[in-house]
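Everything below concerns the one structure shown next.
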Amino acid sequence: MAILLDMRRGKEQKNKWHIYEEIGTEMSHFNLSAEIDRYAYTNALSKNSPVTKLLFALSLLLISVLSPSPVAPITVFLTSTSLILFCAKIPLRFYLRLLWYPTLIVALTCVIIALFFGYQEPLAEVNLLGLRWIIFRDGVATGFTTFFRVAGALSSQFFLVLTTPMTSILLVLRKARVPKIIVEMSLLIYRYIFVFIEVMETMRIAQELRLGYSGWLKKLRSLSMLIGNLFIRTLDQGERTFTAMSARGYDGNIRVLEDLPKPSNVALAGIIFFAVALAIIAYLTMDLRIV
Amino acid sequence: MLFRLENLSHQYSDGTLALDNISLSFAKGERIALLGPNGSGKTTLLLHLNGILKPTSGKVYFEDKPLEYSPKALLELRRRVGFVFQDPNDQLFAPTVKQDVAFGPLNLGQPADQVKKAVDEALRLVGMSEYAEKPPHFLSFGQKKRVALAGVLAMQPEAIILDEPTSNLDPRGTSEILHLLLRLNKELGLTLILATHDVDMVPLFANKLYILNKGKLVSEGAPAELFSDAELIRSINLRSPRITHLFEVLKKEDNLPINPRLPLTISEARKEILRLLESGRREKKKRTTA
Ligand SMILES: Nc1ncnc2c1ncn2[C@@H]1O[C@H](COP(=O)(O)OP(=O)(O)OP(=O)(O)O)[C@@H](O)[C@H]1O
Ligand SMILES: [Mg+2]
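Heads up: the protein sequence lines correspond to chains A and B, in order. So the number in this note's numbering is just where the residue sits in the first sequence, counting from 1, plus 5. So the number in this note's numbering is just where the residue sits in the second sequence, counting from 1, plus 20.
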């Protein structure tokens, strides 16, 4: 039943986005984040302890970024990716769609690093339009390592956002004694971001259908009106939400039910062991020459 | 009397006189409908009942005592009288359905296991148990409305105020909510006070009807009484239930011998049609034997 409903919803969403495509607005980043959010709640690991997943993702992030050689980051990338694909059962297509844009940018950056940085041991000489250009070994090594560091970091963070519902992350933050105001604000922002995306999409379509975006002057005017309206809407929404919360006994404290799944000791021990092993690998491969 | 309003007026800060000298009383266990066109003051009136708005003049009595506005008294009042808002997006603020429904009971200081029980029970009542862990933005509008109702039911109130509970719902959703409300009223004795401009729904739901227009109380009584006054209904830009209108036309234009108390619902209409057929048949028989 739930699956059926999900499928039906999926279809509705698609239809909705289809409209945008026809009208030609650029809402793709909105629906991408909405889709990430959806996977966070429906993936095969969503019911596992968020503490475990948070710990896992953060330790892998640190190791990836700090590792001097690409061996540890490559291991991180392969581990996160297999967890995402085989344990959380996120479709490969979707994961690639997420990865490919940042990867492209990082790859370009790293090529630039490889070509323009470094000063030891010339590796090659190229003739570029009559200019002599020297590529250095350490430049190439840095470019290479940087690429994998970022790839490892990215994949570990994708693991977190794709497998862990925002709600449970907030509950963990609360448990970790992050200041109340930050947690409560994030909680409300998370909820109402989706309301406002909907409001904004509706207003924008309404403008679009009345030809508010034909010609750049009109476009500018329509957009500024939209932003102004949205601002007023947020103030208004704040007041109405406060009223509704008061009607259920709100006294300045948002209380929540804490019923997070308990982290399993085996999983925690495994993560610690894995992280330590990776750190050792990173240390041992410090002087590894890759080119 | 559960609630009594005495010469209640309310003026918003921009000068709009939203309620103009209203006096009425709601008894326990009743199913009350406030009917009125857009902007007639229904929401404003309801917001006075649980102390969210204060009257600019006049008084609100709860169980024959004047309403107190101290935080403690308000919490107690809001525990006993729940409020379901017109737009569920105003009400659902928590990141999951379950957390949202738990908000009220937690504010009452109930222990966690009791809260969990209340949440499960409330979600079961509105048929949303499957969605407990979902964030509200995954739900359809009608589903959000039900969750909003569950959030109030979980506080186990004695009375529920509902602002347009069926607006924007499809026919199926409307009838489900309606049946749920009727069941709550019948089985738990909940008092229901509901604002609407859906005239077809009123006779199915209410045993007491109040009609508002431009901030004034125009008329009160049993739905059947009020709807038989077609002039009054039309003068304030509302209409009779469709089925009633049909019988009005049949009576006036086609001179059918229809009961002056016009049917308001399908089941009443069915009875009336059967009665007409029966009397027609008898007439015919009489004529053939004569
Ligand atoms: N916050 C406010 N500030 C100023 N005026 C308001 C405010 N809220 C409502 N009003 C005005 O008060 C009058 C009554 O509004 P109210 O919302 O009570 O009507 P309603 O019967 O609930 O209408 P609807 O069927 O559209 O929900 C309207 O004229 C409205 O414009
Ligand atoms: Mg209203």
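Backbone N, C-alpha and C fix where the C-beta goes; we use that ideal spot for every residue, glycine too. Here the structure is a predicted model, which is why all the values come from computation and not from measurement.
Just to confirm my understanding: we take residue i, look at its own chain, exclude 5 residues before and 5 after, and list those with CB closer than 8 Å. What are they?
i	result
residue 204(A)	235 and 238
residue 314(B)	Within the shown structure, residues of chain B are numbered from 21 to 310, placing residue 314(B) beyond reach of any answer.
residue 296(B)	276, 277 and 278
residue 94(A)	48 and 49
residue 73(A)	150, 287, 290 and 291
residue 168(B)	104, 105, 108, 111 and 112
residue 177(B)	99, 100, 101, 102 and 210
What's the C-alpha gap between residue i and residue j?
i	j	result
residue 208(B)	residue 50(B)	12 Å
residue 193(B)	residue 159(B)	14 Å
residue 260(B)	residue 46(B)	24 Å
residue 309(B)	residue 302(B)	11 Å
residue 215(B)	residue 200(B)	17 Å
residue 294(B)	residue 276(B)	13 Å
residue 112(B)	residue 139(B)	14 Å
residue 255(B)	residue 233(B)	10 Å
residue 300(B)	residue 247(B)	27 Å
residue 209(A)	residue 241(A)	19 Å
residue 109(A)	residue 126(A)	28 Å
residue 164(B)	residue 171(B)	10 Å
residue 100(B)	residue 53(B)	19 Å
residue 145(A)	residue 123(A)	8 Å
residue 150(B)	residue 194(A)	25 Å
residue 75(A)	residue 295(A)	9 Å
residue 31(B)	residue 59(B)	13 Å
residue 66(B)	residue 72(B)	9 Å
residue 220(B)	residue 184(A)	51 Å
residue 307(B)	residue 205(B)	49 Å
residue 78(B)	residue 41(B)	8 Å
residue 251(A)	residue 84(B)	24 Å
residue 169(A)	residue 55(A)	6 Å
residue 90(B)	residue 246(A)	21 Å
Among the options, whose alpha-carbon lies nearest the alpha-carbon of residue i?
i	options	result
residue 280(B)	38(B), 244(B) and 259(B)	244(B)
residue 66(A)	96(A), 251(A), 111(A) and 85(A)	85(A)
residue 88(A)	196(A), 50(A) and 110(A)	50(A)
residue 131(B)	240(B), 188(B) and 175(B)	175(B)
residue 210(B)	179(B), 197(B), 86(B) and 83(B)	179(B)
residue 265(A)	104(A), 42(A) and 58(A)	58(A)
residue 297(A)	90(A), 70(A), 124(A) and 181(A)	The structure shown does not extend to residue 297(A), since chain A spans only 6 to 296, so no value can be given for it.
residue 62(B)	77(B), 206(B), 181(B) and 171(B)	181(B)
residue 23(B)	93(B), 221(B), 236(B) and 81(B)	81(B)
residue 232(A)	141(A), 272(A), 90(A) and 206(A)	206(A)
residue 74(B)	29(B), 236(B), 191(B) and 272(B)	29(B)
residue 102(A)	114(A), 38(A), 157(A) and 154(A)	38(A)
residue 269(A)	52(A), 36(A), 198(A) and 247(A)	52(A)
residue 76(B)	64(B), 157(B) and 273(B)	64(B)
residue 230(A)	212(A), 245(A) and 44(A)	212(A)
residue 248(A)	41(B), 43(B), 70(B) and 44(B)	70(B)
residue 44(B)	37(B), 236(B) and 251(B)	236(B)
residue 25(B)	34(B), 36(B) and 87(B)	87(B)
residue 187(B)	155(B), 222(B) and 38(B)	222(B)
residue 183(B)	33(B), 35(B), 304(B) and 68(B)	68(B)
residue 157(B)	41(A), 91(A) and 199(A)	199(A)
residue 128(A)	140(A), 136(A), 135(A) and 134(A)	140(A)
residue 258(B)	56(B), 198(B), 224(B) and 155(B)	56(B)
Whose Cβ in chain D lies nearer than 9 Å to the Cβ of residue i?
i	result
residue 175(B)	No chain D appears in the structure shown, which is made up of the protein chains A and B.
Report all residues from its chain with a CB closer than 6 Å to the CB of residue i; omit the five preceding and five following residues, and keep chain order.
i	result
residue 160(A)	82, 85 and 86
residue 179(A)	188
residue 166(B)	146 and 148
residue 128(B)	99
residue 162(B)	189 and 193
Which residues in the same chain as residue i place their Cβ atom closer than 7 Å to its Cβ, once the five residues preceding and following it in sequence are excluded?
i	result
residue 68(A)	77, 81, 280, 283, 284 and 287
residue 62(A)	161, 162, 164 and 165
residue 135(B)	122, 125 and 126
residue 175(A)	188, 191 and 192
residue 70(A)	154 and 158
Let me check you understand the geometry: is the CB of residue i closer than 7 Å to at least one non-hydrogen atom of ligand 3?
i	result
residue 215(B)	The model depicted lacks ligand 3 and carries ligand 1 and ligand 2 instead.
Handout entry: Neighbouring residues (CB closer than 5 Å to any heavy atom of ligand 1)
Key = Result (chain order): 32(B), 34(B), 36(B), 38(B), 58(B), 59(B), 60(B), 61(B), 62(B), 63(B) and 64(B).
Problem - Touching by the beta-carbon criterion (3+ pairs, under 8 Å), the stretch 99-116 of chain B and the stretch 134-146 of chain B - result: The stretch 99-116 of chain B, when compared against the stretch 134-146 of chain B, does not touch it at the 8 Å Cβ threshold.
Practice task
Please determine if the stretch 140-150 of chain A and the stretch 107-123 of chain A are in contact, where contact requires at least 3 C-beta pairs separated by less than 8 Å.
Solution key: The stretch 140-150 of chain A, when compared against the stretch 107-123 of chain A, does touch it at the 8 Å Cβ threshold.
Exercise for the section: Spell out a yes or no on whether the stretch 217-228 of chain B and the stretch 237-254 of chain B are touching, meaning 3 or more CB-CB pairs, one atom from each, closer than 8 Å. Expected result: A contact exists between the stretch 217-228 of chain B and the stretch 237-254 of chain B.
Practice task
Tell me, please, whether the stretch 261-272 of chain B touches the stretch 284-294 of chain B by the rule of three or more beta-carbon pairs shorter than 8 Å.
Solution key: Enough Cβ pairs lie closer than 8 Å, so yes.
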